[in-house]
Structure formats: C-alpha cells, structure tokens
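Shown next, in structure tokens, is the structure this report addresses.
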Amino acid sequence: MQTKVENNKAWFLVMPVFLIVAFSAIIPLMTVVNYSVQDIFDPYTRYFVGTEWFKQVMLDSRLHEALLRQFIYSFTILAIEVPLGICVALMMPTKGRGASLALILVAIPLLIPWNVVGTIWQIFGRADIGLFGAFMAEIGVDYNYASNTTDAWLTVILMDVWHWTPLVALLCYSGLRAIPEVYYQAARIDQASRWAVFRHIQLPKLTNVLIIGVLLRFMDSFMIYTEPFVLTGGGPGSSTTFLSQSLVQQAIGQFDIGPAAAFSLVYFLIILLVCWVFYTTIMNMQKDK
Amino acid sequence: MTQATTTQHNRSKSILTEQAPVVSIADRKAKNATLRGRIGLIVYVVLLLLPIYWLVNMSFKTNTEILSGLSFFPQDFTFANYAKIFGDPTWYMGYVNSIFYVSMNMVISLVVALPAAYAFSRYKFVGDKHMFFWLLSNRMAPPAVFLLPFFQLYSSVGLFDTHIAVALAHCLFNVPLAVWILEGFMSGVPREIDETAYIDGYTFPRFFVKIFIPLIRSGIGVTAFFCFMFSWVELLLARTLTSVEAKPIAAIMTRTVSASGMDWGLLAAAGVLTILPGMLVIYFVRNHVAKGFALGRV
Numbered sequence: 001m002q003t004k005v006e007n008n009k010a011w012f013l014v015m016p017v018f019l020i021v022a023f024s025a026i027i028p029l030m031t032v033v034n035y036s037v038q039d040i041f042d043p044y045t046r047y048f049v050g051t052e053w054f055k056q057v058m059l060d061s062r063l064h065e066a067l068l069r070q071f072i073y074s075f076t077i078l079a080i081e082v083p084l085g086i087c088v089a090l091m092m093p094t095k096g097r098g099a100s101l102a103l104i105l106v107a108i109p110l111l112i113p114w115n116v117v118g119t120i121w122q123i124f125g126r127a128d129i130g131l132f133g134a135f136m137a138e139i140g141v142d143y144n145y146a147s148n149t150t151d152a153w154l155t156v157i158l159m160d161v162w163h164w165t166p167l168v169a170l171l172c173y174s175g176l177r178a179i180p181e182v183y184y185q186a187a188r189i190d191q192a193s194r195w196a197v198f199r200h201i202q203l204p205k206l207t208n209v210l211i212i213g214v215l216l217r218f219m220d221s222f223m224i225y226t227e228p229f230v231l232t233g234g235g236p237g238s239s240t241t242f243l244s245q246s247l248v249q250q251a252i253g254q255f256d257i258g259p260a261a262a263f264s265l266v267y268f269l270i271i272l273l274v275c276w277v278f279y280t281t282i283m284n285m286q287k288d289k
Numbered sequence: 290m291t292q293a294t295t296t297q298h299n300r301s302k303s304i305l306t307e308q309a310p311v312v313s314i315a316d317r318k319a320k321n322a323t324l325r326g327r328i329g330l331i332v333y334v335v336l337l338l339l340p341i342y343w344l345v346n347m348s349f350k351t352n353t354e355i356l357s358g359l360s361f362f363p364q365d366f367t368f369a370n371y372a373k374i375f376g377d378p379t380w381y382m383g384y385v386n387s388i389f390y391v392s393m394n395m396v397i398s399l400v401v402a403l404p405a406a407y408a409f410s411r412y413k414f415v416g417d418k419h420m421f422f423w424l425l426s427n428r429m430a431p432p433a434v435f436l437l438p439f440f441q442l443y444s445s446v447g448l449f450d451t452h453i454a455v456a457l458a459h460c461l462f463n464v465p466l467a468v469w470i471l472e473g474f475m476s477g478v479p480r481e482i483d484e485t486a487y488i489d490g491y492t493f494p495r496f497f498v499k500i501f502i503p504l505i506r507s508g509i510g511v512t513a514f515f516c517f518m519f520s521w522v523e524l525l526l527a528r529t530l531t532s533v534e535a536k537p538i539a540a541i542m543t544r545t546v547s548a549s550g551m552d553w554g555l556l557a558a559a560g561v562l563t564i565l566p567g568m569l570v571i572y573f574v575r576n577h578v579a580k581g582f583a584l585g586r587v
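Line by line, the protein sequences give chains A and B.
In terms of the numbering used here, the first sequence has 148 at position 148, counting the first letter as 1, and numbering is strictly consecutive.
In terms of the numbering used here, the second sequence has 291 at position 2, counting the first letter as 1, and numbering is strictly consecutive.
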C-alpha cells in the first residue's frame, strides 16, 4: 500500500460528489426524521409527538413478522446462492471464445429490469401458460404460487436464485482468474486432489470477493421490493410481504406517514449496522495482509 | 531475470516429463473433471436461459395461442406484438425515456465520481474515512425509505416528471458505486506517474484529462457498465418520480393488464425488448468486466 499525502484541498475534488449525494440523501433523510416525530393531518396541522411512532413501530406485530420473514429469506438465498455461485465459477472456462460466451450468458439475468424478472417468473410459473408450472403439474405436484404459501416461497426463492447467483458466480470467477498458474502447477506436482486444490488454493483466494458477494447479496435481498411485488403481490395473505413492501404499503397505501417514517429509520439503521460490521471486517482483513 | 525464470520453467517442465506416467493419469483425471465441469455449466446455462426462452417464445405468439395450450415454438408465428410496441409512441417512448435518463445518470455519476475517486485514492484529508463510509452507506439505503421524501423534494423544486429527476435520484446509489469502483482502479496506478507529470509542468486538470483518464480507461468502462445496469433495472424510484413525460418502459408495461385480462403476448414482447440493451452493453464491455469484478468492487 502506498502512503498517501496529507492534503485537505482534496476536499474540493470530493465536493461535487458530496453535494449531489447530499441533495438526494441528506434532504430526504432529514424529511423522514422530521415526519417520524410528528403527527401530520395536513400540511398546516401537525403536532410533535416525540418517540410515540417509534414505540408503535417497535411493538407492531405485523412488522415483526415482516422482519422475521426478511431474515429467513435473506439467509436462505445466501445459503443457496453462495455455494452454487462458487460451483458455477469453478466450471466456467478460463480461456478462449468459450470464456467470453459463458460470461455473457451467465450475466444475462443481472441486466433484466427487476419488474421484468417478476413478469418472467409470473408467466413461467403459471400452470396454464408457463413451462415450469406446466412441468410441475405434469409430474403430479399440485403447485400454485398464487394460492399456496409454500409454493409462493419456493417461487420467490427460486426467482432470486435464478436472478442473483450469476453475480456471485461472476465475482468468484474473477477471483479465480487472479490465481497465478504456478499455484496449480505446484499442486499438480504434489498430486493434490481436486478437493485439496479447492480447499487450500482456490478458497483462500476467494475470501475477499466472497465477502463482497455476501455483503451485496445480503443488502440487496434485504431491500427487495419489485420482484416479489410483481410475482405474488406479497401474498397469499401476507406470506411473502418483506420489509420494503410493508413499508410502501404503510407509507403510500395507508398514508400513515409518521409510523412509516419511524419504520424507515429503524429499517435503515438495521442495514447500516450490518453494513458497518462488514465494512470494518473487510478493512481489518486488508490491513492484516 | 528473464533467463532465470526460463530455466526454472524448463526445470519444472523436465520434472513433469520425467514422471510421465503419473502425470498422464493426473491429466486424464483433470480432463474428466473439465468435461464434467463443461456438462455442469451447460446444464446450468440451459436452466438459466429457459425462463428467458419461454418469454421470447411467447412474444411471437398470439394471445389465443398462448391461452390455448403450451408449445415450444410459436405455431402461428407473429410479429404483431412487436409491431404494436413500435407503432405506438406511448409504448416506444418508454424505451426512449429509460435510455435517456440512464445515460444522463451515467454521465453525471462519472463526471462527479472521477475527481472524488482520485482524491480518495491519493490524499489523506480530514474526515476521508467517514466520508467514504457515508457514501457507501447510501448504496445500502433501501429506495423504499426515500420514496415519499423524493417525491416531495422533486415536486417542490419543479423537477417532477422530468428525466433529470430520475437521473439525480439514481445518483443516490450509482455515485457511491462509481466512486468505489474507480477508487479501486486508480489505486492500481503508481503514484510516480502523477509526480513525474507534475515535475514535467502539467497542471492538475491537464494531467488528469491527458494522462490519468486514458490510464484507467477500462475502469471507466466498467464503472459506466455498472451505472447503466443499476439505473436500467431500478423501477421503484423511476416510477414514483414520473407520470407521463419521463415514464420508464418498466412502468408502462403494467398497462397490459386491462379489464379483458392480461395481454400476455404484448407483455412478453415488451419484456424481451427491455433485455436487449443490457445484452448489447455487456457484449461491448465483456473483457473489462472480469477485471472490474477482480477488484471485488461492485
């Protein structure tokens, strides 16, 4: 690591970023803070209510359920996507035309607008017009994501695995490509088994990208909104209503701005906390090297 | 130095040839493993493409055919769904709007992120670490949290339903991302280059544009790609901040639901058309993307 020069004039270079992000982050965030402590009837009638909304949010059982669902969902997809992504990355060719073709094909799901992802699976999973739904019916499984809770969960998770495993795979793939050929030669001379190569050469080199991958997948799955909304609309009942969706329901659907704002802040703080833990871990790991 | 490595290389080669029988078994094993890997990859890619194939398949069918049963190829092949989209300004303007605000966002993000990333990679200054973390924390902010305030903010400054509003809103997560990726690339450029340029009498702006930017070309390509990607796929903010003039295609697609039921063919065709720009972009940057990922900064 090169040493950096101390120079406070560098702030001038950072200024544009600061201003533009402040405009779209600090102003809205302060608005949310403002809402969270007031009871608003209309723009001219508002009362200061202190921490009342926060108390209400903390005790709201619907939100507890959404939070629980959110955690189950995020950890489930992580448990599936990370190993699967590593496997795919190990299988991808490293040289020649095949390499770029595989790269492009694997990356396709990442570039599809999120609501179209929802639409694709909405169609794909229907028993009357979708291949997957029809296939399930053919093998005698009574499958209907719109009315059965288990099926809805299965579809939402399958959709996320389909959509985001490529990201983990691409991260791991590039991590693998950074391993010098010499390591493999050494392993070949030692007649190391495939597993030993993976365990002692590839996996250690993948740690960094995997942390980024896990971090990104955790964050993004924690704010997931569009895909389940298009696919199941949060149903059946509220079985696939995750945090973002219950927030939008409260803020726009019921127009409970105060509680929704308090909820937003708690939500944001949870994410920020996890983000901070990850960030410090990564930075410490880099320092150790 | 070169010679030394060559001899070493030769020696390792000679070791390999001396133990010929063992190596050939290992080779065969490795070949089998690669073969299994190829088959596994092909199975995965086929499963990955199956839903997309189904969408494409449907987009060439008429609604009667879609609802009358499953078929792997359109029996009654039709371009009618696509013709409808390209013939109706309220449809195709959605694509124009999307591409317009995505490009604007890409340009804004790059222009502001380049100097900032340079500052983070080269200098220490008061609050640099906090600033960097604060920027990143915005990448983690759920858009749903900012929905209502954004709507009010942009309405109050008169930007509601303009392309620039969406472009600015997407800066919330794209600018931090751009700074992060670019910082990674810039840290890979040795400081000596900067110092030599300053000694040679380059001013900062001239050095930055003439020497530094060409050096991190591929980094800029990767950054542009990710800005494009995240702005293109986002819908929640884009839909909230627009009503008619700047409405993105993703929001227009919901029109296919009507009283007479879903217009599945049209929906599928619109979906297929949203996938195309992304595929084009990834084709152009395919060689750089792996590099960008390798930095682990996405």
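The beta carbon of each residue, even a glycine, is placed where N, CA and C say it ideally should be.
Checklist entry - With contact counted as at least three CB pairs below 8 Å, one residue from each stretch, are the segment 104-119 of chain A and the segment 227-245 of chain A in contact? => result By the Cβ test, the segment 104-119 of chain A is in contact with the segment 227-245 of chain A, since at least three Cβ pairs between them sit closer than 8 Å.
Item to check | contact_flag[the segment 388-400 of chain B, the segment 448-468 of chain B] where n(CB pairs < 8 Å) is 3 or more | outcome: Flag = yes, the segment 388-400 of chain B and the segment 448-468 of chain B touch.
Item to check | Validate contact between the segment 316-323 of chain B and the segment 334-341 of chain B using beta carbons, cut 8 Å, 3 pairs | outcome: Flag = no, the segment 316-323 of chain B and the segment 334-341 of chain B do not touch.
Checklist entry - What residues of chain A sit near B:G359, judged by a beta carbon separation below 9 Å? => result Checking the sequence, you will find Leu at residue 359 of chain B rather than Gly. For B:L359, the chain A residues whose Cβ falls inside 9 Å of its Cβ are D128, I129, G130, L131, A134, in order along the chain.
Checklist entry - For A:E81, which residues in chain B fall below 8 Å Cβ to Cβ? => result Those do not exist, as A:E81 stays about 13 Å from chain B at its closest Cβ, beyond 8 Å.
Item to check | Beta-carbon proximity of A:F222 to A:Q70, cut-off 8 Å | outcome: For A:F222 and A:Q70, yes; Cβs fall inside 8 Å.
Checklist entry - When burial is assigned at 16 or more other CB atoms within 10 Å of the CB, is B:P266 buried or exposed? => result With chain B covering 290 to 587 only, the question about residue 266 of chain B has no answer from this structure.
Item to check | Check whether B:E484 and B:A406 have beta carbons under 8 Å apart | outcome: Not closer than 8 Å, so no.
Item to check | Positions along the segment 91-109 of chain A whose CB lies within less than 8 Å of some CB in chain B | outcome: Taking 8 Å as the Cβ-Cβ cut-off against chain B, the residues of the segment 91-109 of chain A that qualify are M91, M92, P93, S100, A102, L103, I104, L105, V106, A107, I108, P109.
Checklist entry - Which of the three DSSP states, helix, strand or coil, is assigned to B:T294? => result With a pLDDT of only 46 at B:T294, under the threshold of 50, the placement of this residue in the model should not be trusted; the figure read from the coordinates follows. Helix, per DSSP.
Checklist entry - What are the partner residues of A:F48, as DSSP defines its beta bridges? => result Answer is A:Q38, bridged to A:F48.
Checklist entry - For A:E6 and chain B, any beta-carbon pair shorter than 8 Å? => result Output row for A:E6: interface = yes.
Next on the checklist: Under 8 Å, Cβ to Cβ, is there at least one residue of chain A near B:K413?
Outcome noted: At least one chain A Cβ lies under 8 Å of B:K413.
Item to check | Expected contact under 8 Å - CB spacing of A:S239 and A:T155 to nearest Å | outcome: Contact doesn't hold; Cβ gap of about 12 Å is too wide.
Checklist entry - Are the CB atoms of A:I224 and A:S244 nearer to each other than 8 Å? => result It is a contact, given that the beta carbons lie within the stated cut-off.
Checklist entry - What residue does the alpha helix (DSSP H) around A:Q245 start on, and which one ends it? => result For A:Q245, the enclosing alpha helix (DSSP H) has its first and last residue at 243-248.
Checklist entry - What residues in the segment 187-205 of chain A have a beta carbon less than 8 Å from any beta carbon of chain B? => result Those residues of the segment 187-205 of chain A that come within reach of chain B (Cβ to Cβ, closer than 8 Å) are R188, I189, Q191, R194.
Next on the checklist: Are the CB atoms of B:I374 and B:A559 within a distance shorter than 8 Å?
Outcome noted: Their beta carbons are under 8 Å apart, which means B:A559 touches B:I374 by this criterion.
Item to check | Interface flag, B:T296 vs chain A, CB-CB below 8 Å | outcome: Here the model assigns B:T296 a pLDDT of 46, short of 50, so the residue's position is not dependable, and the following value carries that caveat. No, its Cβ sits nowhere closer than 8 Å to a Cβ of chain A.
Checklist entry - Which class does B:K413 belong to by DSSP, given the choice of helix, strand or coil? => result B:K413: strand per DSSP, three-state reduction.
Next on the checklist: Quick check: is the beta carbon of A:I257 nearer than 8 Å to any beta carbon in chain B?
Outcome noted: Contact of A:I257 with chain B is assigned, a C-beta pair being separated by under 8 Å.
Checklist entry - Is the CB of A:M219 under 8 Å away from at least one CB in chain B? => result Cβ-Cβ to chain B under 8 Å: yes for A:M219.
Checklist entry - Bridge partners of A:V5, per DSSP? => result Answer by DSSP bridge pairing, in chain order: B:Y412.
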